[in-house]
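This note's numbering runs 89 ahead of the 1-based position in the sequence shown.
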Amino acid sequence: MRLTPLEPWIAKKTGRAGTGECGPESGERDSHDPPRTTHDALRPSLASYQFARLKATVELARARSRYYRERLAKAPEIETLDDLQRLPFTTAEDVRADPLAFVCVSQDEIARVVTLDSSGTTGTPKRLYFTKADQELTIDFFGVGMSTFTGPGDRVLILLPGETPGSVGDLLAKGLERIGAVPIKHGPVRDPAAARALAVREAATVMVGVPTHLLRLVRTMSPGEPVPPVHSVLLSTDHVPQAIVHAIESAWGCTVYNHYGMTETGLGGGVDCEARRGYHLREADLLYEVIDPATGLPSAPGEPGEVVFTTLTREGMPLIRYRTGDYGHWIETPCPCGTRLRTLSHITTRLSGPVDLGSGLWLTQPDLDEAIFAVDGVLNFATEVARIEAGPHVSVAIQTTPTANPDTVRAEALNALRALPPLTAAPRLSLDLQCSTEPVSPPTLAKRSIKLA
Ligand SMILES: [Zn+2]
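This is the structure we're talking about:
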């Protein structure tokens, strides 16, 4: 198994040669030993690099950002990396309340402003500001991250928005060009037949897109239709159900990888290695923590908690201990790829996501995804939960392929749902399931979640 390309990249950024370019000690090793020498030095050298960058970030934020000048006024000086834990958290609400208060550069140094739709009740959109240098770091990460499964000459169909300069698809295309791959910008999938035809015509070998969009590409194929020569698919923007991974891999004989990131992390955050058991992270640009959301203290090793990150190299709008609302855990066992980088578990759940149906067991979007996407003929679905006096009412609207038999899909989906413990255990539950070929949600990139009526 190939070492994640993130390791030599991060080693270089932190002032160490990577494992690929092993130091002078390498000749002294037993030839059967993996090249561990500079490799073992990665963690201590990364820690001292992160400490220096954390100190610089806190100084920058204190000096230039209105928000942090006030917020960090009484915060202790950073004398060790562990002092990070003594700094206050930043929340999405803080950013939403006054995004400009976070900005550390003059307006004319801002190259890109991203406005995110409001998911809160205030109706105020969240805004994130990036400089050219901030975007440069993302382009660099995208190129290196993609090189996990993309090489020179690969033709990469980008099924993410890419028309605006600085958009995710645009930065990804630039990163791909740097590793000698050929980006093909398409945008989110609206017409699956047209997207597939383009993939075949352009001989796309790699695709990057939203899980449900890729599922639509594979499940709406007609028998005998030419299959694009895809060897790898990267799924991003939302959690990745195993049922979707399985559907794509078995239809196209390719390998599916996960990416983790959000606008706040600078779009890129971390990516699977060939082991595909969790993300290796941009540890030179982002300092991640997993905390107990109730106490704010670090989660015990291997215990799930809220993912929090601090930017280490961001100049436009640094974020310190930003609470993502995502639920994950550190995977403590060494990665089979051999890296000394940390591994964060795949993010499946948001802290605000699970719904209590009164049984003590919480219903989650990932539970529903694994059950329903496993049914052939399903393209997407939306779930709404109402708590009425008679008991919880769960309604699921499924969008099927035009050729699927709605009765068969409905029966199989019902069986799958009835096997879910949070539904089985819920007292006085009523379940309503509809199937049609109508889209169940507008074609946005928003994360899918259970809606509360
Ligand atoms: Zn790995």
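Even for Gly, the Cβ is constructed at its ideal location relative to N, Cα and C.
- For alanine 475, DSSP records a beta bridge to His482.
- Under the three-state reduction of DSSP, aspartate 259 is assigned to helix.
- Contact residues of ligand 1 (beta-carbon closer than 6 Å to any heavy atom; chain order) are Thr93, Cys362, Ala364, His369, Cys424, Cys426 and Thr428.
- Beta bridge pairing from DSSP links histidine 348 with Val360.
- Between threonine 432 and arginine 366, the C-beta spacing is below 8 Å.
- With the rule of 3 Cβ pairs closer than 8 Å, the region 476-489 counts as touching the region 514-528.
- DSSP places phenylalanine 219 in the uninterrupted beta strand (DSSP E) bounded by 215-220.
- Under DSSP, glycine 391 forms no beta bridge with any residue.
- In this structure, arginine 439 lies near glycine 414, with their beta-carbon atoms less than 8 Å apart.
- Annotation note: the region 277-351 contains the following uninterrupted alpha helix (DSSP H) runs of length 4 or greater, listed N- to C-terminal: 281-290, 300-308 and 331-341.
- Judged by beta-carbon spacing, isoleucine 247 lies within the 8 Å limit of isoleucine 273, meaning their Cβ atoms are closer than that value.
- DSSP places proline 510 within a helical segment (H, G or I) once states are collapsed to three.
- Alanine 336 has its alpha-carbon roughly 8 Å from the corresponding atom of alanine 463.
- Closest in alpha carbon position to leucine 131, among Lys163, Arg158 and Leu95, is Leu95.
- Per DSSP, reduced to three states, the secondary structure at glutamate 252 is coil, with no helix or strand assignment.
- Between glycine 359 and leucine 376, the CB-CB gap reaches or exceeds 8 Å.
- Per the Cβ contact rule, the region 337-344 is not in contact with the region 374-391 (fewer than 3 Cβ pairs under 8 Å).
- Here aspartate 206 carries a coil assignment [DSSP, helix/strand/coil].
- Within the DSSP bridge table, the entry for threonine 400 names Leu375 as partners.
- Here the region 232-247 does not lie against the region 193-203, with fewer than 3 beta-carbon pairs under 8 Å apart.
- Threonine 438 has Tyr416 as its beta-bridge partners, per DSSP.
- The three-state reading of DSSP puts proline 455 in helix, counting H, G and I together.
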